[in-house]
Each structure stands twice: as structure tokens, then as C-alpha cells.
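J.: In our numbering, the protein residues as written are 1 to 551. Built from N, CA and C at the ideal position, the CB exists for glycine as well.
#1: So what's residue 390 in DSSP terms, helix, strand or just coil?
#2: Can you give me the Cβ contacts of residue 437 inside the same chain, cut-off strictly under 6 Å, excluding the 5 residues immediately before and after it?
#3: Please confirm if the segment 174-194 is in contact with the segment 310-322, defined as three or more CB-CB distances below 8 Å between the two stretches.
#4: I'd like the list of long-range same chain contacts for residue 167, defined as Cβ closer than 6 Å, with 5 residues on each side in sequence excluded.
#5: Alpha carbons only, please: which of 13, 115, 434 and 504 is nearest the one belonging to residue 309?
#6: Helix, strand or coil: how does DSSP classify residue 504 here?
#7: How many Å lie between residue 555 and residue 163 at the Cα?
#8: Do we get a CB-CB distance below 8 Å when we pair residue 365 with the residues of chain C?
#9: Which runs of the alpha helix (DSSP H) at least 4 residues long sit entirely within the segment 73-160? Give them in chain order.
#10: Given a cut-off of 8 Å on the beta-carbon distance, is the pair residue 221 and residue 156 in contact?
#11: Looking at C-alpha atoms only, which residue of 173, 169, 143 and 441 is the closest neighbour of residue 238?
#12: Cβ of residue 536 within 8 Å of Cβ of residue 520?
#13: Strictly by DSSP, which residues pair up with residue 439?
#14: Could you round the C-beta distance between residue 159 and residue 210 to whole angstroms and report it? I think they count as a contact, below 8 Å.
#15: What would DSSP say about residue 320, mapped onto helix, strand or coil?
#16: In terms of DSSP beta bridges, what is residue 290 paired with?
#17: Measure the Cβ-Cβ separation of residue 137 and residue 233 and say whether it is below 8 Å.
#18: By a C-beta neighbour count over all protein chains shown, 10 Å radius and 16 as the cutoff for buried, is residue 371 buried or exposed?
#19: So for residue 575, helix, strand or coil by DSSP?
#20: Please name the residue in 532, 543 and 31 whose C-alpha comes closest to that of residue 502.
#21: Taking only the alpha-carbon atoms, compute the straight-line gap between residue 515 and residue 348 and give it to the nearest angstrom.
#22: Taking C-alpha atoms, which residue in 326, 235 and 304 lies nearest to residue 285?
#23: Considering only C-alpha positions, which residue in the set 374, 148, 334 and 346 is nearest to residue 294?
#24: Under a three-way DSSP split, which group does residue 476 fall into?
#25: With burial defined as no fewer than 16 other Cβ atoms inside 10 Å of the residue's Cβ, what is the status of residue 13: buried or exposed?
#26: Determine the extent of the alpha helix (DSSP H) in which residue 219 is found, giving its start and end residues.
#27: If contacts are defined as beta-carbon pairs under 8 Å, then residue 345 and residue 306 qualify, I think. What distance do you get, rounded to the angstrom?
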């Protein structure tokens, strides 16, 4: 009985709770009904205000556009039950057009003109903001280009490393180059970046062919480039414990190389990842490391036509295969060793930019200025070089001979149609349109340069190359030493009134030629110390004099 009583008490408690919840629901329902009635009353009041003629919404709408303004009163004395006549209809239409339609159209026009003025103001504000943004973008682009140029001034591109060299070996080579240039005080201020290429074999990456050397300043880069032709690869050699074996060059270096690994007595350092001392050796089998100044990507693309012009000169006149061409990369002008004007690349804005403040590459035009007297020969040579490059590309990309017969268009299509066809085809070789400009000798662009040698003079110099070749270094005929022995015994032929360094321009130029001759003598296995400084100078003077006479 006690259990049943407990259950009854629980049930009564639950029923009381349910009753209390029902009371709360009733109270909430009554509150919702009151809120609904309140909202209904407010809506009716708002509708009444909107319908009232003096409402705020009606005040915002012009009087001519309010609905009650479109009613047209009838003339007095008109019988509403009688049919309307034509005159009454015309009078009613004229009254509606004059009193209702015309004012309504005027109100609409004034309203639209006001909104149009506001829209024009917003458009003007947006144009000002866009203009300010374009100016900021132009400054950002200028700063970015300036930073690229400044970074390129402190960059050196290193090439011609042996494939077996490691990153530690390349850093050792750079350290030796800095030491050779006398730059001991920039330790820790330079950085060498080398990209690792994935070969597919885990743990055996391949180093890229080039390394990027970043130095503190442009002055440091100039000092390094002064000794660029004397920088050879260095490498570490770890000797086995208990042995005194000499270093063995890698297999890649032994095959077809004439250089030897020379041990330096004072150069011993710590190889990367090794706990014992490793000897450092210089390797001359593959030639010196090629060091070239870094340029930005945009400068490289700008200088591409100038490089093509240099190739055309070397192919057209074999004289320039030995005589250096001097490109002026800042002005994109080309001169020879005698400061004669050979051409120039000029960039002009073809039209106003439609996209950005600075414009795109297609907004510019490239003009290749070439001497008028050499124009035909240069263009013919340039055309043949260009078609040869196309032919090589086709040979590299086409496997079957059948593709040569079915290729549309063929790689050499139009080759026999002359220069005009090639110039039209070459116009879009670069991202900007290209055109050739023949500059006459009396043009202002050429007047401040030395007179250009004629084609006949260049041909005569080309014919004298055999005589010049007799004064080149030839190890089989005795090399530099044999010629120095003969030259040191000869008496100078120039007048005593001339300086001792004639035909060189200065003593510094003569010393530079002597240094270059010594380096060439070293590369052929000779020892410069076997001859005195006077003998070297006499030999260089004799060689320069013979070259001047042949010209």
C-alpha cells in the first residue's frame, strides 16, 4: 500500500507541474495576442498616414506625380448622360496634355537630373580614387624596379662549375676568389645561392649549373670581376686515416681534361660535414669559373635585340670575332674598340596605356638603329641567323622526316622572298613591335662618335687576319717564350720622342696587356718568371705595333 501511495504522490506532483506549464502557455498566448493587436493598430495608422494628402511620403513625391493630380475636371454644363462629341474629346485631351502630362514630365526630368548629378559626383569621386590608386601603383612599380636594379648591381652569376663539385666546394671557390681580389674584410657579408634539382633519386640532388653570388656593394663586385679570368674551381679532399695518398680527381674531370689538381700548402680548411681536416686543391682542367654581372629580367629582355645585333656583326664581319664589341647596357648602344658607332636599341611609347599607369609591354615599340652603309649586309646576316635558329628548333622538336613535308607552315617559308618578308615576320619576335631604322652618317645620333669604318676597310682588316694569327700564342712553335726571346733582342723602331709605352695609350694599358699575356702563358703551361718585365713589355709593344701596321 505504501508503494501505491508513493506513485500517486508522484503523479499528483507531475499533474501540478503540467497545470503550471499550461498556465504559462496561456499567459504567453494572451501576450502574443496583445502584441498582434498592437501591431495591427500601428499598421492601420501608418496606412492612414500614407493615404493622407499631407503625409510625409506624399510630401516627398512632387505634386504633379501624385495620383490625385491626374484627374481632369470636365467643363461646366456638360451632360454626362449624352455621348461626347469630337470637339469635347479634343478639348479634354489638350487640357490633359497641357495641365497634367507636361508638368508630370517636367517633374520626372527634374528628379532624374538631380539623381544624375549625384551619380556624376559619385563617378567623379571614384575616378579620383582610381587615379590616386594608379599613382600609388606606379610608385610601387618604380620602387620594385629600382630595388631589382640595386639588387642586380650586387649580384654575380657564377657558371662553368665542374659537375662533381659540391656546395661546399663552390663556397670554397668563392672564398678563394675573394682572397684573390683582396677582399678579406667582407667575411660573412656575402651569400652564395645554389638551386638543388630533383634527380628522382632520394638523397642525391643535383646542383644547378649556375650559382648566384650576392656581395655587399657595387664596388666589391667590380673588384671581383677584375680577377674573373683567374678564378678556378677549388675543392676539398679528405685523406683517409693512416694514408698520404695524393688527391684523385673525379672521373668526370679526368676524361678529356688537361688540367691538374695543384695542392696549396697554406690552404687547409674544414670540409662541410667532416670532423677531420681536409686539404683544398685548385682544379684547372675545365677552365676558369665564368663570372658575369647580374641583370634584372626586364633588362635581359630589353637587351635581347642588342645581343642579336652583336651576333649579326660577328657573323657579317669576321673582324669582330677577334676585335671586341663594346655594348653600353645603360644606353643600349653598340660601339667597337675604336669607339665607332655600330648601332643602338631605342624604345618608344607606341600609344597611351589603356590598362595601367605604367603601361604594358605591348604599349612600347622597339627601334633597332643600324648604320646606313652596313644595313643590307647586317640584315641579310641577321635573317640567315634567324632562319638557322628556326631550323634548329624544328630539328629538335620533329622526330619523323614526314613532319618536314607536312608541316604547315614550314620553318623556312618565305626565306627566299627577301628582306621585306623577313622584316615583317621579325616584327613580332619580341613582346613589343620591332622595326629597323637606317641611320645616315650625318645624323645627330652618330656625330659625337668616332667615324665608322667602311665595309672596304673591314674587308681589308679581315684579309690581314692571317698575319695577325702569326703573333698568337702557339705552344707547338715555342709559345710566348719563343717570341719573347726574339723580341727582347730587337731594338725599338719608334722615335725617341714617343713615350716608352707607345703604341699603347698609357703605361697602365701596357701593364694590363702584359698581365693578360702572362695569364695566357700560364694557361699554356709556362712560367712568367722566366722572363723579365722589360722583355714582356717589349713583346707586347711589338705585337701591338705589328697589329697596327696590318690594319
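T.: To lay it out plainly:
#1: helix
#2: 367 and 369
#3: no
#4: 194
#5: 434
#6: coil
#7: The structure shown does not extend to residue 555, since the chain is modelled only from 1 to 551, so the question has no answer here.
#8: Note that chain C does not occur in the displayed structure, where there is just one protein chain.
#9: 86-96 and 102-153
#10: yes
#11: 169
#12: no
#13: 371
#14: 5 Å
#15: helix
#16: 159
#17: no
#18: buried
#19: The structure shown does not extend to residue 575, since the chain is modelled only from 1 to 551, so the question has no answer here.
#20: 543
#21: 43 Å
#22: 235
#23: 148
#24: In this predicted model, residue 476 has a pLDDT of only 46, less than 50, meaning its place in the structure is not dependable enough to derive any value.
#25: exposed
#26: 218-226
#27: 5 Å
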